[in-house]
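Let me begin by presenting the structure, written as structure tokens, before commenting on it.
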Amino acid sequence: MKKPSTAYDGGFDEIQRRFAQMLEDGRHIFDAAANALVGGTDPEVIRKDLFATDRRINSTEQEIRRMIVINGTVHGAQNFPSLLVTMSVAKDAERIGDYAKNIFDLAADRARLGKDEHPRLVSLKDRISKLLVRARYLYEQEDEQAARELLGECDKLEDECDEGMRRALAADHNASADALAYRYFKRVVSHTANVATALVMPLDMLDFFDEDDD
Amino acid sequence: MEHPPSLLAPQVHPPPGPSRIELALRTVLLFVLLFGFLVSIETMSKAIKALADTGMLGGGDENELFAGVGNPFAGLALGVLFTVLVQSSSTTTATIVAVVGSGALSVEHAVPMILGANIGTTVTNTIVSIGHIGRTSDFRRAFAAATVHDFFNLMAVAVMLPLELMTGFLSKTASYLASFLAGGSGSAYKSPVKKCIKLIHKEILSLLEAAGLDGKALGVAALVLGIALTFACLYFITRNMRRVIAGRIEAAMNKALGASGFVPLFIGIGLTIAVQSSSITTSLLVPVCAAGVMSLGRAFPIMLGANIGTTVTALLASMAQERPEALTIALVHLLFNSIGVAAVYPFPTLRRLPIRMARTLAILATRSRWWVVAYVFGTFVFLPLLGWFAWRGA
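Residue numbers (our numbering), protein chains in the order written: chain S, 1415 to 1628; chain X, 2 to 395.
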């Protein structure tokens, strides 16, 4: 879905470009952290790059906020909903970085994952990584259909994470590392889903797409 | 779960701006409005000349109506008052150029009025800053951003007006430059668009005459029409250009966030020339500063640039005038603002002075709202009214 070319929307396009970079950095930091936890990468090898990526995500979010203020000041109320959405999803992208750091901390603290859970977490990691790539793509393209499909997959992945957490909590051995890993993976999925909700949900429903009516 | 159909999908991207066709049409509109602006200056100037010739401005002495502005304080205050009332220094300076161009006002007496327009124009962003009064920290930053421009202009006037009165350095330099630009001292200044302007002006007069007006009534009607047309043309030029270059304004402001040295100054000049309004440039900075996105130190040079950029309006207005004095007073405006910036901006100690004053006033304003009332009333109401009474008294 190609946006019409105008001489006017350069500023918002730049905000979108920065946000897409945040999502790309989010995927990178998640991959690095999750590989350290479940893939055997030495945490110390990636530590510097991981924290640099997190700082970049944070500074990009601050840049986006500044650009949002300027865009709103110059263009007035007509861009207001778009700017609020961007403010919200940029926060989600920043949180992905934060949870990736939590995952990294688990790896750096030499957390021991259960033998049964390890392959499940590897599979989850791979699917979440792909999810982050798709989230960036569909946001750039404003592809509503792809956003709905992604939200459906997020539901399933979150259910898997919940199931994994329940298993870890009910385990007769210490499975706190598994529980935390599932918890952090789920949060990454949730924040990725929030990005997709921006395309298919009204402004007031952002972040609430998975709330049940009961 | 099932996801509902999108209600606000386009919210991800804002509504598109002007299309290429709209841009082309708006460019044409800009030239039409600029031409209309020059016609309005001609209409105003000729109307004042005609009224002076009929003795309506005071017994055949062309300067009698403006006798009061022989008092520089009255002239300064009138400049502030007129600008506060029309909320546009461009309209004020263009009007002054027209009056000087008609011969009804000398350059010497017009200088304080031009300087007053500089002070009066800052009322707009001060009003914008009051919109942030609900949040103390935002208001402190907004009010400082609004008043730093005031303090700079007040300082510049406090230093340069007495110097001008003692030496005439502004008017003499401007006069020299005007004679140089006009192609030799004493020769009438000729612009390439004058013939067309005169033609349209004659048509306007014919229309007014056809409506049954003649003599003094015709002069008064032409004067009122000229002022209204000037105001309308500048208003629509600003609106039109703001729409056309909104994206560029945004890009320039984003650039200014990380710019240093003279770049913000040139950004201020460029933006103001483009939108033909220093108030627009400075008022855009107030919310950005209020949010803390731009520091006062970074916004200040943009405001200084706006001071220089806004002088283009008077220069444009002088294009419609035959008397070189019209160009001279327009150049006085340019020189005053350029010298003011050149004397302050390169020197950190001087540069920090209006910033400190603005910050101090903003802190006081957050402690007690009476400071806001006293400042706004004193600068933009009491001072101009004093001048008004001085003028009426004369």
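Note that the Cβ used here is the ideal one computed from N, Cα and C, for glycine as well.
From a predicted model like this one, the values you see are computed outputs, not experimental measurements.
**Request:** Could you tell me which of 294(X), 228(X) and 166(X) sits nearest to residue 110(X), measuring between CA atoms?
**Result:** 166(X)
**Same chain, Cβ closer than 8 Å to residue 365(X), neighbours up to 5 away in sequence not counted** = 372
**Request:** Find the nearest neighbour of residue 1631(S) within the set 1505(S), 1506(S), 1483(S) and 1545(S), judged by alpha-carbon distance.
**Result:** Here chain S has residues from 1415 to 1628 only, and residue 1631(S) is not among them.
**Message:** What does the Cβ neighbour count give for residue 206(X), buried or exposed, with the cut at 16 atoms within 10 Å?
**Reply:** By the 10 Å Cβ count, residue 206(X) comes out buried.
**Asked** Can you list, in chain order, the residues of its chain whose CB lies under 8 Å from that of residue 258(X), leaving out five sequence neighbours each side?
**Response** 294, 295 and 299
**Message:** Out of 156(X), 123(X) and 103(X), which one is the CA nearest neighbour of residue 351(X)?
**Reply:** 156(X)
**Prompt:** Looking at chain X, which residues of the stretch 1458–1486 of chain S have a Cβ within less than 7 Å of any of its Cβ atoms?
**Reply:** 1480, 1481, 1483, 1484 and 1485
**Three-state secondary structure assigned by DSSP to residue 323(X)** = Residue 323(X): coil per DSSP, three-state reduction.
**Item:** Rounded distance between the beta-carbons of residue 39(X) and residue 198(X), thought under 8 Å
**Value:** 5 Å
**Message:** On a Cα-Cα basis, can you pick out the residue from 35(X), 53(X), 33(X) and 153(X) that is closest to residue 218(X)?
**Reply:** 53(X)
**Prompt:** Would you call residue 154(X) buried or exposed, if buried means 16 or more other Cβ atoms sit within 10 Å of its Cβ?
**Reply:** buried
**Asked** Which residue from 1571(S), 1597(S) and 1505(S) puts its Cα closest to that of residue 1582(S)?
**Response** 1597(S)
**Request:** May I ask you to report which of helix, strand or coil DSSP gives residue 1422(S)?
**Result:** Note that residue 1422(S) scores 41 on pLDDT, short of 50, meaning its location in the model is unreliable and no value can be drawn from it.
**Prompt:** In terms of alpha-carbon separation, which member of 1458(S), 1551(S), 1574(S) and 1473(S) lies closest to residue 1520(S)?
**Reply:** Ranking 1458(S), 1551(S), 1574(S) and 1473(S) by Cα distance to residue 1520(S) puts 1458(S) first.
**Asked** Should residue 347(X) be labelled buried (16 or more other beta-carbon atoms within 10 Å of its own) or exposed?
**Response** exposed
**Asked** Does any residue of chain X bring its CB to less than 8 Å from the CB of residue 1488(S)?
**Response** yes
**Rounded separation between residue 1449(S) and residue 1560(S) - CA only** = When only Cα atoms are considered, residue 1449(S) and residue 1560(S) end up about 27 Å apart.
**Request:** Taking residue 160(X) as part of the alpha helix (DSSP H), name the residues at either end of that continuous run.
**Result:** Element bounds for residue 160(X): 137–168.
**Request:** Quick one: list the residues of chain X neighbouring residue 1440(S), beta-carbon separation under 7 Å, in chain order.
**Result:** The premise fails here: residue 1440(S) is roughly 18 Å from chain X at the closest Cβ pair, so nothing lies under 7 Å.
**Item:** Distance, residue 1474(S) Cα to residue 344(X) Cα
**Value:** In a straight line, the C-alpha of residue 344(X) is about 38 Å away from that of residue 1474(S).
**Sufficient close CB pairs (3 or more, under 8 Å) joining the stretch 241–248 of chain X to the stretch 79–86 of chain X** = no
**Message:** Quick check: what's the CA-CA separation for residue 388(X) versus residue 1494(S)?
**Reply:** 44 Å
**Listed by chain order, chain S residues near residue 258(X) by CB distance under 7 Å** = Ordered by position in chain S, the residues that pass the 7 Å Cβ test against residue 258(X) are 1480.
**Request:** Check each residue of the stretch 239–271 of chain X: if its Cβ is closer than 7 Å to any Cβ of chain S, include it; give the result in chain order.
**Result:** Against chain S - using a Cβ distance shorter than 7 Å - the residues of the stretch 239–271 of chain X are 247, 248, 250, 251, 252, 254, 255 and 258.
**Prompt:** Distance, Cα to Cα, residue 1528(S) vs residue 1469(S)?
**Reply:** 32 Å
**Request:** May I ask which residues mark the beginning and end of the alpha helix (DSSP H) holding residue 251(X)?
**Result:** 247–259
**Under 9 Å by beta carbon: chain S residues contacting residue 276(X)** = The premise fails here: residue 276(X) is roughly 11 Å from chain S at the closest Cβ pair, so nothing lies under 9 Å.
**Request:** Report yes or no: is there a C-beta of chain S within less than 8 Å of the C-beta of residue 179(X)?
**Result:** no
**Asked** Going along the chain, which residues of its own chain have a beta-carbon closer than 8 Å to the beta-carbon of residue 1585(S), five neighbours each way excluded?
**Response** 1528 and 1592
**Prompt:** Applying a beta-carbon distance threshold of less than 7 Å, which residues of chain S neighbour residue 300(X)?
**Reply:** By Cβ distance, chain S contributes nothing, its closest Cβ being about 12 Å from residue 300(X), past 7 Å.
**Message:** Considering just the uninterrupted stretch of the alpha helix (DSSP H) at residue 1526(S), what are its terminal residues?
**Reply:** From DSSP, residue 1526(S) is part of no alpha helix (DSSP H); its letter is neither H nor E.
**Prompt:** So what does DSSP say about residue 1604(S), is it helix, strand or coil?
**Reply:** helix
**Message:** Please classify residue 60(X) as buried or exposed, where buried requires at least 16 other C-beta atoms within 10 Å of its C-beta.
**Reply:** Per-residue confidence for residue 60(X) stands at a pLDDT of 47, beneath the threshold of 50, marking its modelled position as unreliable; the derived number appears in the next sentence. Burial state of residue 60(X) is exposed, judged by a 10 Å Cβ sphere holding fewer than 16 other Cβ atoms.
**Option in 1580(S), 1533(S), 1619(S) and 1608(S) with minimal Cα separation from residue 1508(S)** = Of the residues 1580(S), 1533(S), 1619(S) and 1608(S), the one whose Cα lies closest to the Cα of residue 1508(S) is 1608(S).
**Asked** Is the distance from the Cβ of residue 114(X) to the Cβ of residue 76(X) below 8 Å?
**Response** Going by beta carbons, residue 114(X) and residue 76(X) fall inside the 8 Å limit.
**Asked** Does the beta carbon of residue 292(X) come closer than 8 Å to any beta carbon on chain S?
**Response** yes
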